[in-house]
Amino acid sequence: MQTIIRSIALVLVFCVAAATLPAQCDNWVNSPKKEEAENAHVAYRNFVKNYTDFTEMPAEEFETAFKNWKIAYDIAPAADGQRPFHYRDGRMFYRALAAKATDEAVKAEHYAKLLAFYDEELKCYPDAKAYLLGRKGYDQFYLTGYSMDALKTLEQAMAAGGNATEYIVLPPLGQLLNYYFKTEQIDNARVRDLYEKGIAIADHNIEKNGTYAQYYKDARANLEASVLEYEDQIFDCAYFKETLMPKFEENKEDLEVLKFIVAKLKAQGCPETDEAVVKVQAQYDAVYAVKAAEYEAERRRLNPAYDASLLVEEEDFDGAVRRYQEAIDSAEDNEKKSQYYYQMASIQSGKLRQYGVARQNANKAASLNPNWGKPYMLIGDIYARLGSSCGDSYQQRLAVLAAIDKYRQAKSIDAEVADDANKRISNYSGSMPIRSESFSRGHNEGDRIEVGCGIGETVVLRF
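Numbering-wise, the sequence shown is residues -25 to -1, 1 to 438 according to mature numbering (1 follows the signal peptide of the UniProt record, and there is no 0).
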């Protein structure tokens, strides 16, 4: 951060100093040192003319070229008054010097000098304003990092260049907008304004600028990726209508797309009475009315558990059991399998009176989800039903003990079923074995007795 602040300070100092120099735009045309300036210009240009990156120059050549450039620049900053060579080559020299520098303070000084050359050239060659501001903003961002100055420069570049703004402006613009919106230093209105201007520039050149169309297309994608990370927070109803309605026109028969568009428009503040919302909703309703049965049939086919729940409502209990078994066979999650086994057991005990297989499936549900009490509650209910249909009254009372044991087990592992378990225990307590009847059969409290009536559990006798 200190490096960036120092860089900015150096830029400002250099710019102020440069503004006070009357020779800033001097050229060699009428200079008494014209010959010296021209000779130095030719000398350094002979070294650099074949390089687009001055760091690639041999050290001795670089030193000689820089020395001659400095002579030419000091005498005639604006060269011959027609070409900005000295400013542009100056940026190349200082870019190379910064790349070679190992001291961060020295590197920052070189960057400050480089950026100042943009201001000098702009003062002397104002016709290149859009180009210079765009390049300066680009370098401000990529050389010195995030700064409001860089954002302001890029904004000025777009204002000056309009559709002629270079594509290189758009990627750093997107990253700056992303960062300063994310850190709450600019509001969504400003982001929208600059984003829309950048997109308009890109779209114009993608359509009209054949040579650089792909460059603008790539730059647009970069700008979009940066800004649209916060799309929902930045843009309003109007933006989303403009973005989504073309998709609506292309996907009028796709229920999922229509559903998404309606939900998105409403989420972004479009009222339900908005013309676009009404239009998409009406199309969704119309398509759904035609395809509802088809979609529902496909949903049932692909989702056996869902189909099973509907088959229960339709009182096709055997069909529901088959579909739950299919759901179990295709499920990978034990909790889901446990749910399906429980549903099967509920149907088999409550609707089909298949208590044996119902108990087996309830036990499978319990084993797959050990902390779930409902399967044990169901087994308790099954024991109570088996006992009530048992002809022997004493066995009926023993069945109650077996049922109560399951209710207690259920509440011991699952607090959510505790209330129901306590109610059942209270209701059935009056039907527990009678002491005198047990004694007459030779049974004492605490004896372990096997329960008949198809239950087969062993209970501890209590009264």
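All residues carry an ideal CB built from backbone N, CA and C; glycine is no exception.
Computed from a prediction, not measured in an experiment: that's the story for all the values here.
Under a three-way DSSP split, which group does residue i fall into?
i: Gly429; result: coil
i: Arg328; result: coil
i: Val4; result: coil
i: residue 439; result: Past the boundaries of the shown model lies residue 439; the chain is included only from -25 to 438, so the question cannot be answered.
i: Ile409; result: coil
i: Arg195; result: helix
i: Arg423; result: strand
i: Arg110; result: helix
i: Arg437; result: coil
i: Phe210; result: coil
i: Pro(-4); result: Note that Pro(-4) has pLDDT 37, beneath the 50 cutoff, so the model's placement of it is unreliable and no number is given.
i: Ser364; result: coil
i: Arg416; result: coil
i: Lys24; result: coil
i: Asn14; result: helix
With a threshold of 7 Å, establish whether the CB of residue i neighbours any heavy atom of the ligand FMN.
i: Ala83; result: In terms of ligand content, the structure shown is empty, and the ligand FMN therefore cannot be addressed.
Using only CA atoms, which one of the options lies nearest to residue i?
i: Ala390; options: Trp347, Arg360 and Lys157; result: Trp347
i: Thr119; options: Cys99, Ala135, Tyr86 and Ile143; result: Tyr86
i: Tyr154; options: Trp44, Gln243, Leu219 and Phe116; result: Phe116
i: Ile400; options: Arg383, Gln150 and Leu233; result: Arg383
i: Gln323; options: Ala333, Tyr315 and Gln314; result: Ala333
i: Leu376; options: Asn397, Gly366, Val392 and Ser406; result: Ser406
i: Thr128; options: Asp249, Glu171 and Arg110; result: Arg110
i: Gln(-2); options: Pro7, Lys82 and Phe92; result: Phe92
i: Phe438; options: His418, Pro408, Glu432 and Val232; result: Pro408
i: Glu301; options: Asn197, Glu141, Arg276 and Glu36; result: Arg276
i: Phe292; options: Asn278, Met319, Glu269 and Ala306; result: Met319
i: Pro279; options: Glu171, Ser305 and Glu288; result: Ser305
i: Ala257; options: Glu273, Glu228 and Glu269; result: Glu228
i: Ala295; options: Leu327, Glu273 and Glu269; result: Leu327
i: Val434; options: Ala396, Ala374 and Leu219; result: Ala374
i: Ala213; options: Asp249, Leu97 and Pro345; result: Asp249
i: Glu159; options: Gly136, Glu182, Lys183 and Met123; result: Met123
i: Lys88; options: Ala73, Pro33 and Arg274; result: Ala73
i: Tyr190; options: Val144, Val287, Lys98 and Pro33; result: Val144
i: Lys17; options: Asn5, Ile46, Glu35 and Ala272; result: It should be pointed out that residue 17 corresponds to Val in this sequence rather than to Lys. Of the candidates Asn5, Ile46, Glu35 and Ala272, the one whose C-alpha sits nearest the C-alpha of Val17 is Ile46.
i: Ala83; options: Asp94, Arg70 and Glu95; result: Arg70
i: Asn397; options: Gly366, Asp178, Gly355 and Arg410; result: Gly355
i: Ala54; options: Ala238, Gly421, Tyr100 and Glu31; result: Tyr100
i: Gln314; options: Glu307, Cys365, Thr218 and Ala340; result: Ala340
i: Arg410; options: Arg372, Gly431, Glu432 and Asp395; result: Arg372
i: Gly325; options: Tyr299, Ile357 and Pro345; result: Ile357
How close, in whole Å, do the beta carbons of residue i and residue j come, if the pair is a contact with beta carbons under 8 Å?
i: Ala337; j: Pro350; result: 4 Å
i: Phe215; j: Gln243; result: 5 Å
i: Tyr369; j: Glu425; result: Not quite, the Cβ-Cβ distance comes to about 13 Å (not below 8 Å), so this is no contact.
i: Gly331; j: Gly429; result: 7 Å
i: Tyr121; j: Ala194; result: About 19 Å separates the two Cβ atoms, so there is no contact after all.
i: Asp114; j: Leu97; result: No, Asp114 and Leu97 are not in contact; Cβ-Cβ is about 13 Å, not under 8 Å.
i: Phe22; j: Glu36; result: 5 Å
For residue i versus residue j, is the C-beta spacing smaller than 8 Å?
i: Leu343; j: Lys381; result: no
i: Phe68; j: Phe29; result: yes
i: Lys386; j: Ala378; result: no
i: Leu353; j: Tyr317; result: yes
i: Pro146; j: Gly112; result: no
i: Met133; j: Gly185; result: no
i: Lys254; j: Leu230; result: no
i: Tyr187; j: Asn197; result: no
i: Leu240; j: Val232; result: no
i: Glu226; j: Ile176; result: For the record, residue 226 in the displayed sequence is Asn; it is not Glu. For Asn226 and Ile176, no; Cβs fall outside 8 Å.
i: Gly56; j: Asn14; result: no
i: Tyr19; j: Trp44; result: yes
Validate contact between the region 104 to 111 and the region 78 to 86 using beta carbons, cut 8 Å, 3 pairs: No: the two stretches stay apart, fewer than three of their Cβ pairs being nearer than 8 Å.
Three-pair Cβ contact test at 8 Å for the region 278 to 291 versus the region 253 to 270: Too few Cβ pairs lie closer than 8 Å, so no.
Three or more C-beta pairs below 8 Å linking the region 38 to 48 and the region 63 to 74: At 8 Å Cβ cutoff, the stretches touch.
Inter-stretch contact at 8 Å, needing at least 3 Cβ pairs: the region 147 to 163 / the region 200 to 209: Touching, yes, given that three or more Cβ pairs across the two stretches are closer than 8 Å.
Three or more C-beta pairs below 8 Å linking the region 8 to 16 and the region 43 to 59: Yes, since at least three Cβ pairs between the region 8 to 16 and the region 43 to 59 fall closer than 8 Å, the two stretches touch.
Stretch pair the region 157 to 176 + the region 206 to 216: three plus CB contacts closer than 8 Å: Using a C-beta cut-off of 8 Å, the region 157 to 176 makes contact with the region 206 to 216, since at least three inter-stretch Cβ pairs fall below that distance.
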